[in-house]
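Numbering-wise, the sequence shown is residues -3 to 161 according to this note's numbering.
All C-beta atoms in this analysis are idealised placements derived from N, C-alpha and C, irrespective of residue type, glycine included.
Accompanying notes for the structure given below.
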Amino acid sequence: MEDSCMQLVSSKDIEWKRRYHAHYVRLTEIWPNAYVEHIGSTAIGGIQSKDVVDILVGVQPMDIEITSSQLINAGYMKEGARAGHIWLCWPNPESRDSVVHVVEMNGAQWQARLAFRDALRANPVLAKEYESLKIAIAQTTDDWGEYTQNKAQFVTTVLKNVTRG
């Protein structure tokens, strides 16, 4: 199992910010009315992460499909979709350095992803707990879906606490 584990890297905050900014520029040129945010572990700072920058693109619900199509035309590769959420990677699934999540601006996905990011940015102890969980999960799988699923309870708990607070 050792060779097939998810690879986490030490914090590369400056590099990740630069990578996000390069995509921000590209994304807002493609879709000027989109709202673009840096999300995920690479946006928190100071914790280990997969070396993949997650980017949230918020658009009107009727624009999710067309935005996705325009991103595909610009070289992004569609990886998956579910109701109200399409995700694409750059440059390709084998060597992705970024994943773009197209969702409804101010919709549930938008709000939850930003609330989670902001909660961990505001609480370094919580961020380190999340990092410890990620390290433990990464040692057991190389499957992205399983990795994400195994973090779900932690994310849900953080979001419940944010809405109570």
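- Contact check for Gly36 against Met101 fails: the beta carbons are separated by 8 Å or more.
- Residue state for Tyr72 is assigned as coil, using DSSP reduced to three classes.
- Between Gln44 and Ser6, the C-beta gap is smaller than 8 Å, which places the two residues in contact.
- A straight line joining the alpha-carbon of Ile133 with that of Ala18 spans about 30 Å.
- Closest in alpha carbon position to Gly103, among Arg14, Asp139, Thr144, Met58, is Met58.
- Per DSSP, reduced to three states, the secondary structure at Trp106 is helical.
- Beyond the five residues adjoining it in sequence on each side, Arg117 comes within less than 8 Å, by CB distance, of Ala39, Ile40, Gly41, Ala123 in the same chain, given in chain order.
- Residues of the same chain with a CB within less than 8 Å of the CB of Ile51, apart from the 5 flanking positions on each side, are Tyr16, His19, Tyr20, Leu23, Val32, Glu33, His34, Ile35, Ser94, Val95, Val96, His97 in chain order.
- As the crow flies, the alpha-carbon of Glu61 is around 8 Å from that of Ile82.
- Shown here, Leu23 sits in a helix according to DSSP, grouped into three states.
- Straight across, the Cα-Cα distance linking Thr152 with Asn146 is about 11 Å.
- In this model, Lys8 and Glu127 are separated by some 14 Å (Cα to Cα).
- Note that the C-beta distance between Arg92 and Val48 is below 8 Å.
- DSSP, reduced to helix, strand and coil, places Asp50 within a strand of the structure shown.
- Shortest Cα-Cα distance from Trp86 to any of Gly80, Asn69, Gln105 involves Asn69.
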